[in-house]
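**Student:** Take a look at this one; I'll ask things after.
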Amino acid sequence: MDIDTLFKTFKKQGYVSFDLGNFFPELTEYSDRFYEICDENWSWIIKNKQGENDFYPKQHPLSLIEKEKRAALSDYTNGLFSFSFRRIVDDHIGNSVIDFFKIKEIVNSKIFIDFLDKITGMEVKESTVIYLNRFDYGDFLTTHSDPGQKFGIVINFTKKWHMEYGGLTMILDHDCKYIIDTLIPYNMSVLVFDTCTKQIPHFVSMVTAKTPHKRIALVVRYD
């Protein structure tokens with residue numbers, strides 16, 4: 041799709057998904073780079089009814105992490121907002137990961153932001169939230185709309201992923217009764233979604249396969 045078509049789709053739906061590699065082919069090399077990030081740099085971000093916290097392999101015992109994950113899974117089963125996945129955030133640990141630091145510079149560059157401005161019709165200055173996430177076996181993210189800021193993007197750096205593995209992004213109608221779109225995390229696919237004038241409820245289905253392939257994505261919010 042050309043930029044004009046992407047803009048029209050975004051305005052009509054409140055979101056648009058397309059192959060970012062067609063516009064920024066230099067990003068494709070990060071799919072391999074992110075696979076090589078040391079496991080100790082990835083936190084577990086877990087949300088259950090007790091709260092939301094990041095847990096790091098070197099700072100928290102595995103028994104505590106597993107306990108928090110079980111609590112999140114219980115909330116998931118009971119229909120409460122909850123999630124469990126790995127991530128690298130914009131802090132001293134994240135910024136020590138050279139490829140995360142480099143990708144931040146790209147998505148905050150003028151050429152990239154100008155590109156997003158043309159698709160959304162919204163003028164933004166910079167990112168306000170940025171993190172790299174990884175969904176492993178048993179990870180999930182229940183329905184939410186990400187309100188605040190102007191829009192968000194999710195860039196998939198996921199190679200050899202099959203839809204049967206789970207980890208699919210499901211877009212819902214505004215009443216959250218029906219799935220209106222299903223997005224498979226193909227490598228270099230990007231989702232651009234409105235968080236300002238429209239609410240786009242969505243969730244990430246649980247990863248149900250113990251696959252060697254990693255479901256990795258970069259999440260950025262702009263304002």
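41 is the number of the first residue of the sequence shown in our numbering; add one for each residue after it.
For glycine and all other residues, C-beta sits at the position ideal for the given N, C-alpha and C.
Because the structure is a prediction, the values reported are computed rather than measured.
#1: Return the first residue and the last residue of the beta strand (DSSP E) that L223 is part of.
#2: When burial is assigned at 16 or more other CB atoms within 10 Å of the CB, is T198 buried or exposed?
#3: Thinking C-beta only, is S167 closer than 8 Å to R261?
#4: So, for G134: in the same chain, excluding its five sequence neighbours on each side, which residues have a beta-carbon less than 7 Å away from its beta-carbon?
#5: If you follow the alpha helix (DSSP H) that S103 is part of, which residue opens it and which one closes it?
#6: Under 8 Å, Cβ to Cβ, is there at least one residue of chain B near K98?
#7: Within 10 angstroms of the Cβ of H214, are there 16 or more other Cβ atoms? Answer buried if so, exposed if not.
#8: Contact check, E80 vs K98 under 8 Å by CB: the rounded distance?
#9: Which residues bound the beta strand (DSSP E) around I211?
#10: Only counting runs of 3 or more residues, tell me where the beta strand (DSSP E) segments fall wholly within the stretch 50 to 95, in order along the chain.
#11: Between A257 and E204, is the Cβ-Cβ spacing less than 8 Å?
#12: Does L181 pass the burial test, meaning 16 or more other C-beta atoms within 10 Å, or should it be called exposed?
#13: What does the alpha-carbon distance come out to for the pair W84 and M246?
#14: For the structure I just gave you, are there three or more beta carbon pairs, one from the stretch 90 to 105 and one from the stretch 145 to 165, closer than 8 Å?
#15: My understanding is that T183 touches L212, with C-beta atoms under 8 Å, so please give their C-beta distance in whole angstroms.
#16: The alpha helix (DSSP H) that contains L156, what's its start and end?
**Tutor:** Taking the structure as given:
#1: As a position in the sequence shown, residue 223 is number 183, starting the count at 1. 219 to 223 is the span of the beta strand (DSSP E), which, as asked, contains L223.
#2: What you label residue 198 is simply residue 158 of the sequence shown in a count that begins at 1. With 16 or more other Cβ atoms within 10 Å, it is buried.
#3: Here residue 261 corresponds to residue number 221 of the sequence shown, with the count starting at 1. Here residue 167 corresponds to residue number 127 of the sequence shown, with the count starting at 1. Yes.
#4: For the purposes of this step, residue 134 is identified with residue 94 of the sequence shown, where counting begins at 1. Contacts found: I128, F140.
#5: The count along the sequence shown starts at 1 and reaches residue 103 at position 63. Where S103 is concerned, the enclosing alpha helix (DSSP H) stretches over 102 to 117.
#6: This model lacks chain B altogether; it includes just one protein chain.
#7: Position 174 of the sequence shown holds residue 214. Exposed: under 16 other Cβ atoms inside 10 Å.
#8: On the sequence shown, residue 80 is found 40 positions in, with the first residue counted as 1. On the sequence shown, residue 98 is found 58 positions in, with the first residue counted as 1. Going by Cβ atoms, the distance from E80 to K98 rounds to 6 Å, so yes, they are a contact pair.
#9: By one-based count along the sequence shown, residue 211 stands at place 171. From DSSP, the beta strand (DSSP E) with I211 extends over 209 to 212.
#10: 55 to 59, 83 to 88, 91 to 95
#11: Within the sequence shown, numbered from 1, the residue matching residue 257 stands at position 217. Within the sequence shown, numbered from 1, the residue matching residue 204 stands at position 164. Going by C-beta atoms, A257 is not nearer than 8 Å to E204.
#12: Here the question's residue 181 lines up with position 141 in the sequence shown. Per the 10 Å Cβ criterion, buried.
#13: For the purposes of this step, residue 84 is identified with residue 44 of the sequence shown, where counting begins at 1. For the purposes of this step, residue 246 is identified with residue 206 of the sequence shown, where counting begins at 1. Roughly 15 Å between the two C-alpha positions.
#14: no
#15: In the sequence shown, counting from the first residue as 1, residue 183 sits at position 143. In the sequence shown, counting from the first residue as 1, residue 212 sits at position 172. Contact holds; Cβ gap of about 7 Å.
#16: In the sequence shown, counting from the first residue as 1, residue 156 sits at position 116. 150 to 160 is the span of the alpha helix (DSSP H), which, as asked, contains L156.
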